[in-house]
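Data first, discussion second: the structure below is written as C-alpha cells.
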Amino acid sequence: MRLLQYDQLLNNCLMDLLTGTHMKFLIESMTGSSIKRLESFDGLSQQQKQTRIDWIVDELKNNGVLPQDSSVDSRLFVMRSADQVFEVMWRLVSHDIWFVWERAEYLQHEDEDILCQVPFKWTPEPTPEKPKAKKAKKSLLTGFGPGAVIEEESESQDEIEVVEAEPYSRFPNADYVKKFKKKKVKYDDYPSPEECIMEMVNYQLKVFIFILVQRNVLWKWLTIS
Numbered sequence: 692m693r694l695l696q697y698d699q700l701l702n703n704c705l706m707d708l709l710t711g712t713h714m715k716f717l718i719e720s721m722t723g724s725s726i727k728r729l730e731s732f733d734g735l736s737q738q739q740k741q742t743r744i745d746w747i748v749d750e751l752k753n754n755g756v757l758p759q760d761s762s763v764d765s766r767l768f769v770m771r772s773a774d775q776v777f778e779v780m781w782r783l784v785s786h787d788i789w790f791v792w793e794r795a796e797y798l799q800h801e802d803e804d805i806l807c808q809v810p811f812k813w814t815p816e817p818t819p820e821k822p823k824a825k826k827a828k829k830s831l832l833t834g835f836g837p838g839a840v841i842e843e844e845s846e847s848q849d850e851i852e853v854v855e856a857e858p859y860s861r862f863p864n865a866d867y868v869k870k871f872k873k874k875k876v877k878y879d880d881y882p883s884p885e886e887c888i889m890e891m892v893n894y895q896l897k898v899f900i901f902i903l904v905q906r907n908v909l910w911k912w913l914t915i916s
C-alpha cells in the first residue's frame, strides 16, 4: 500500500524489494525524507547493496521506525535471506499497525465534522531545512569624534541575525487525534501488533452487529405496522 502513491507494486517482496527503486520509495514513505545517496538497486555490487541497507537501517532508527537496539545483518538481507527480510518487513508492518491503533478511536468517530478535521496520513512531513543565519552590515557612515574608532571597530564585524525555525511536527495535530484514545499507554507498553489488530477487528465487528440488530428491529417494526 505504501508504494501505491509512487505507482509501484511488489509482486514478490523477497525478490522485488532489492530491485529498482522499490526500497528507496518504501523508506521515503516511512520517514518522509529522501536519502539522497539511495537510488536504484539495479547494477550495484553486493557490497554496495550492503552499504545501502546499513544506510536504510540507520535512517529508520533515526526516525523512530525501528528501535535503536534492533540489528539487521545486511549481508544476509542482500542475499535475500527469508528470515532477515521478513523480520524487517514485519517490523515495518508493526510500526504501521501501532500507528493506526493510536488513531483507531478517532478514525471510528461518528461525528463527521470531527473526523474530517485531521486527514489520515501515515507519511510524516519532511524535516525542514535549518534556516540560515542572515548577516546584516552596519553602515560605515558613522559619526565623528572620540567614539568613532570604537564604532568603526564594531562595524567591521558582521552582525548575525538569528532566524528561529518554525515549529515542526512529523504529523500535524497528532496530539488532537490521539486524545480520543481511551487507553492511555506509553509507547513502550503498547500491546503487540497482533493484539492491536484483534482489538480493532473486534470493535468493527461489534459495530457491524449493532447495525444489523438495529436494521432487524426496524424491519420487524415496519412489518408489524
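Residue numbers (our numbering): 692 to 916. Just so it is clear, CB atoms sit at the ideal spot from N, CA and C, and this is done for glycine as well. These figures come from a predicted structure and were not determined experimentally.
Nearest C-alpha to Val809 among Gln775, Tyr867, Ser765: Tyr867. If you look at Met780, you'll find it in the alpha helix (DSSP H) that goes 773–793. It is roughly 32 angstroms from the alpha-carbon of Gly723 to the alpha-carbon of Asn893.
Between Leu767 and Phe732, the beta carbon gap of about 16 angstroms keeps them out of contact (Cβ cut-off 8 angstroms). The C-beta of Met706 has fewer than 16 other C-beta atoms within 10 Å across all chains shown, which makes the residue exposed.
Here DSSP, grouped into helix, strand and coil, assigns Trp813 to coil. Put simply, the backbone Cα of Pro863 is about 44 angstroms away from that of Trp910.
Going by DSSP, Cys704 is part of the alpha helix (DSSP H) stretching over 704–707. Contact between Val776 and Cys704 is confirmed by a C-beta separation of about 7 angstroms, below the 8 angstroms threshold. In this structure, Ile788 lies near Pro884, with their beta-carbon atoms less than 8 angstroms apart.
Counting C-beta pairs with one atom in each stretch, the segment 788–799 and the segment 867–881 have three or more that are closer than 8 angstroms, which means they touch.
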